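The structure appears below as C-alpha cells.
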Amino acid sequence: MPKIKQAGDLETLQRKIRKAQKKFPKTITICGGTGCQASKAGEVIEKIREVIPKQAFGKDVYIRSTGCHGFCEQGPIMVLEPGNILYCHVTTEDIEEIVAKTIRRGEVIERLLYTDPVSGNKKVKEKDIPFYLAQDRRLLNYNRLVDPGNIDDYIAIGGYMALAKTLGSIKPEAVIEEINASGLRGRGGGGFPTGHKWTECREEPVDEKYVICNADEGDPGAYMDRCLLEGNPHLVIEGLLIGAWAVGARQGYIYVRKEYPLAVKNAKFAIEQARKYGLLGENIFGSGFSFDLEVARGGGAFVCGESTALMASVEGKVGEPRPKDIHTAKEGLWNKPTVLNNVETWANVPSIMLNGASWFAAKGTQGSKGTKIFALTGQVKNTGLVEVAMGTSLHNIVFDIGGGSKNGKAIKAVQTGGPSGGCLPASHFQLPVDFDTLSAAGSMMGSGGMVVMDEGTCMVDVAKYFLNFLQDESCGKCVPCRLGVERMLEIVTDITEGRGTAEHINLLEDLAETVGETSLCGLGKTAPNPVLSTLRYFQDEYMAHINEKHCPAGVCKALIQYAVAAEKCNGCGSCKRACPHGAITGEKKQVHVIDFEACRKCGICIGECKPGAIMVN
Amino acid sequence: MSSTNLETILEGRRSQPHQLIEVLQDVQDVYGYIPKDVMGTVAKELGVPLMEVFRAARFYKAFTLKPRGKNVITICTGTACHVRGSNLLIDQVQGQLRVKPGDTTADGLFTVECVNCVGACALGPVVVQNGSYSNHMTPGKLRKAIDKVKREKKEESPHA
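Protein chains in written order, with this note's numbering: chain V, 65 to 681; chain R, 15 to 174.
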C-alpha cells in the first residue's frame, strides 16, 4: 500500500478507487451495525458472500457491509442499486430469491418491502420511506456508503479531502475561526461552543497537548455515537486530525466504552489503516504536522463521560472527577492542555472545513447550528437514529418520523438527555429541539437520547429508575451526590411503595436544589433533573401514589395486584408454566388461581396468556 | 498456561502505570475475572501500588473479582429497554435460576449480569448471551434460551 505523501496523491487515489468501483453495475449494501447484527445480519452477509460469486453475473455485483443505517427496528436492512430498493427484515432464506429475482432480473419482491405503519402502503425505494424523508442526514447518510473496514470507501466519498485542504492552506488560527463562525456546539450534552474550547487550548504556551474523542456514551437509551464511530470511524479520525492541527496536539485518544465491542474493533482497525496510508504518523501530507491516535477502552463507569473523570481513566486511574476551576483545555490529560469533544462533534468538523462555516450554520436555530442525531426509542412505531436540523419540533420527531404510538396507547412524554435530562409532556411537543429551549423547559439535549413513553409508563417509576441508576453510578467522591441522590431514591421508593406523604414532595424539591447546586461534577449537578421534571409536569401521578395509593399506569408493584378473570381463563396452563415464582396453580382446562403471597407481580404471565385473562388491579 | 497469557498481556506495557485499565481489560477478557494473584503481578510489573490496582478493579463495572459462569447472560437495563420491560427479564432469570444479577449459579453454568446500555436501544429489550445479541426479548424467549443451555449440559454429561 503506497503512502499518501501529498494532497495530489490523495486525489489520484480517489480517482483510482472511484474508477474501480464503477466497474460494478450493481451494489448490495447490507447494514452490519450492532443493531442489525442483533437481528442476525452477520449470517445474511455471509450467505450473500457465498451465493453471489457462484453466479455468472457475480463479478458485476459489489457487496458492501456497512455500519448502522439508523433504521434498526427494520433490520437487517438491505439496499440494492440500481433502483434504491430497500428490503427489511432480510433473513438467510431470502437470499437465493433476492439474487434470482431482484439482482438478476430487477424484479421487486413485495414481501420484503417496507410497509409504512401509518398509511399501510408498501414503499419500494429507500428515499421514499417517511422515516428517512423527514430527516436531514448530513452525517448519517455517509454510513450507507462506507464499509467501516475499508478506508478506500471513505476516500471515494471525499474522505480526508478536508484534512488535505486544511493542512495545505489553512492556518491553525483560521481553522478555529472557521469553527467559531460555524457556531458548532458540543454534541455530548453540555453544548459548550467548540471553537472556544479550541481557542483556549491553542493559546496555552505548552508543547505537549492532547485531543480526545469521548465515545463513552453512557446515557442509557442513546447510541448515535456508537453508530458514527462504528459505521464511519475515519470521519471521526479526520475530525480529530483537523482539531489536533488547530490546537497543536501530536497525540490523541479515542475513549470508547467497552460495551461497544464493534466500535472498539472498527476504530482500532481504522487507525491502523490510516497509519498505513500515512494519514496518521509523521509529516502528514508533507506538511510537517505529525499526529497519532490510540484507543482507550472505558470500564463501564457512567461518570467517566465527565471530562476530568475520563482523563483520569485514560491515565490509568480510577475515574473520579476533580474540580474544574481550571478548564481541561488548559490543564487536562497529564495536566497538559487537552481538547475533549464527543464523537458527533468531531464528525461535524471535516464537512465544516470542506464546505465552510456558513454552509453549516445555514441549518438550525439562532443559538444551535447544524443538525443533531437523536436516538428515538421506546413506545413509537419507528425506532432508530434520526438526524434533523436543530430546531425541529418534538412533535415532528415523534409523530412524523417516529410514526406515533407503537401499541395504540396515548404518548404522554418524551425523555431527553438521559439521566441528566428530564421528561417533557405531550403538551410541550411543539417546542423546537435545541440546546437552550430544552434547558429552559427543565430537560436537556444531552447527547441525544429520546425515549418515548406512553400511558403504560409510570412517571414516578421513571424518576426512581434514573435515581437508582445515578445512585449506582455516583463515584462517591462528594457528599451531596453520594448521600443526596441516595436519600432522594429512598423517598421516591417510599412513594412508589405506598408509604409516601404530602411532605415528601417539598423534601424532594429541597434535596434536589441542594444536590444540584453543591455537587462537584456534572453527574451530581444534573442528577435532580429527572425528579424535578416529572414533579413539574406529572405531579398528579405523584399525588395519586401518595393520596390514593394507586399507580395510574399499573407499574408500581406494591400498589397493584394480579388476578385471573375466571370468565376469560380457558385453563391452558401457559401462565402456570411461565411463572418463574411458582405462584400460579390450576388443573388443565380449569380456571387457574394466583397465590398473592408468592406472586412477585413481574407481569410475565400477562404476556403469556393468550385469552388475556390476567388482570392488574 | 495462565502465566503465558499474562506475559502476552503485559508485553510492551511494563513500567507504564497509565496502561493499568487496558491491562485489566485484557485480564478480564482472558480470565473472565480479575484473579487476586494477577492483581499482584500487574501491580509489580506496571509499577502501581496494589491498592490502586484493587481500587480500579472494584471501581469499574467491566471488572469482576469473582470467576464467572460458563454462560454469561447480560440483560440491558438502559432506559429504552426499561420502558419496554427489561425488569420482567430480570424477574424471569431470578425466578428461574435463583440468582441475583451479578451472581453465578452454584453449578457454575450461568452468570447473570445487568448492563446500563449496550446501544441497541431501538430493538429493546436486549439480552446478550455470551457476546451474541438477541433483540425484542420476552420472558418466554429467555426462559427457553436458558432451558436450552441446561438441556445441552445434561446431554453432554448424562450422569452428572
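Built from N, CA and C at the ideal position, the CB exists for glycine as well.
Computed from a predicted structure; not experimentally measured.
Between residue i and the ligand NAP, is the CB less than 6 angstroms from at least one heavy atom?
i: H568/V; result: As far as ligands go, the structure on display features none, and thus does not contain the ligand NAP.
Let me know the secondary structure DSSP gives residue i once reduced to three states.
i: T441/V; result: strand
i: I221/V; result: coil
i: T91/R; result: coil
i: N85/R; result: strand
i: C585/V; result: coil
i: T18/R; result: helix
i: S507/V; result: coil
i: L488/V; result: strand
i: E302/V; result: helix
i: M679/V; result: strand
i: K665/V; result: coil
i: A174/R; result: For A174/R, the predicted structure reports a pLDDT of 47, less than 50, and the residue's modelled location is therefore unreliable. A value from the coordinates is still provided. Coil.
i: S129/V; result: strand
i: P66/V; result: coil
i: Y196/V; result: helix
i: Q143/R; result: strand
I want to verify the contact list: residues of chain V whose CB lies under 7 angstroms from the CB of residue i, in sequence order.
i: V97/R; result: G442, Q443, V515, M517 and T521
i: L64/R; result: Going along chain V, no residue has its Cβ under 7 angstroms from L64/R, so there is no contact; the nearest lies around 14 angstroms.
i: D105/R; result: P644, R664, C666 and I668
Would you say residue i reaches chain R, if we count a Cβ-Cβ gap shorter than 7 angstroms as a contact?
i: V382/V; result: yes
i: C585/V; result: no
i: C636/V; result: no
i: T560/V; result: no
i: R290/V; result: yes
i: A365/V; result: yes
i: K473/V; result: no
i: E284/V; result: Sequence inspection shows Pro at residue 284/V; the Glu mentioned does not correspond to that position. Yes, its Cβ sits closer than 7 angstroms to a Cβ of chain R.
i: T155/V; result: no
i: A331/V; result: no
i: A622/V; result: no
i: E682/V; result: Residue coverage of chain V in this structure runs from 65 to 681, which leaves residue 682/V outside it and unanswerable.
i: C136/V; result: yes
For residue i, decide whether its Cβ has a neighbour in chain V, counting only Cβ atoms nearer than 7 angstroms.
i: I87/R; result: no
i: T93/R; result: yes
i: N130/R; result: yes
i: Q39/R; result: yes
i: M15/R; result: Since pLDDT at M15/R reaches only 45, below the 50 mark, its modelled position is unreliable, and no value is offered.
i: A174/R; result: Any answer about A174/R is weak, because its pLDDT of 47 lies below 50 and its placement is not dependable; what the coordinates show is given next. For A174/R, the answer is no, since every Cβ of chain V falls outside 7 angstroms of its Cβ.
i: L102/R; result: yes
i: R69/R; result: yes
i: P115/R; result: no
i: P31/R; result: yes
In chain V, which residues lie with their C-beta within 9 angstroms of the C-beta of residue i?
i: S148/R; result: A102
Report the residue from the options whose alpha carbon sits nearest the alpha carbon of residue i.
i: G420/V; options: K640/V, K665/V and A238/V; result: A238/V
i: M454/V; options: Q430/V, G448/V and G467/V; result: Q430/V
i: G510/V; options: F355/V, A105/V, A426/V and Y287/V; result: Y287/V
i: N148/V; options: C615/V, T166/V and E370/V; result: T166/V
i: S129/V; options: F121/V, K111/V and A677/V; result: K111/V
i: G667/V; options: G520/V, K261/V and G131/V; result: G520/V
i: P212/V; options: E537/V, K332/V and S491/V; result: K332/V
i: V210/V; options: G222/V, D200/V and Q199/V; result: G222/V
i: R113/V; options: E384/V, E160/V and R169/V; result: E160/V
So residue i contacts chain R; which residues on that side make the cut at Cβ distance below 7 angstroms?
i: H645/V; result: G109
i: S377/V; result: I35
i: T447/V; result: A136
i: A439/V; result: C135
List the residues of chain R whose Cβ lies closer than 8 angstroms to the Cβ of residue i, in chain order.
i: Q479/V; result: T93
i: A360/V; result: I35 and E36
Residues of chain R with CB under 9 angstroms from residue i, in chain order?
i: Y324/V; result: V132 and G133
i: Y16/V; result: Because chain V here runs from 65 to 681, residue 16/V falls outside it and cannot be looked at.
i: E281/V; result: C131 and G133
Taking C-beta pairs closer than 8 angstroms, name the residues in chain V that residue i reaches, listed in chain order.
i: K75/R; result: G363, G364 and A365
i: L123/R; result: Near L123/R there are no residues of chain V at all, since even the closest Cβ is about 17 angstroms away, more than 8 angstroms.
i: G154/R; result: A642, I668, G671 and E672
State whether the stretch 412 to 420 of chain V contacts the stretch 482 to 494 of chain V, with contact taken as three or more CB pairs (one from each stretch) at a distance under 8 angstroms.
-> Verdict: no, contact absent.
Are the stretch 32 to 44 of chain R and the stretch 70 to 84 of chain R in contact at 8 angstroms, needing three or more beta carbon pairs?
-> Short answer: they touch.
When the Cβ atoms of the stretch 626 to 639 of chain V are set against those of the stretch 672 to 680 of chain V, are three or more pairs found closer than 8 angstroms?
-> Touching, yes.
Do three or more CB pairs link the stretch 184 to 199 of chain V to the stretch 147 to 162 of chain V at distances below 8 angstroms?
-> They touch, by the three-pair rule.
Could you say if the stretch 438 to 451 of chain V and the stretch 124 to 136 of chain V meet the contact criterion of at least three C-beta pairs nearer than 8 angstroms?
-> When Cβ pairs closer than 8 angstroms are counted between the two stretches, the stretch 438 to 451 of chain V is seen to touch the stretch 124 to 136 of chain V, the count reaching three or more.
Given 8 angstroms, three or more beta-carbon pairs between the stretch 131 to 142 of chain R and the stretch 296 to 307 of chain V = Below 8 angstroms, too few C-beta pairs join the stretch 131 to 142 of chain R and the stretch 296 to 307 of chain V to call them touching: fewer than three.
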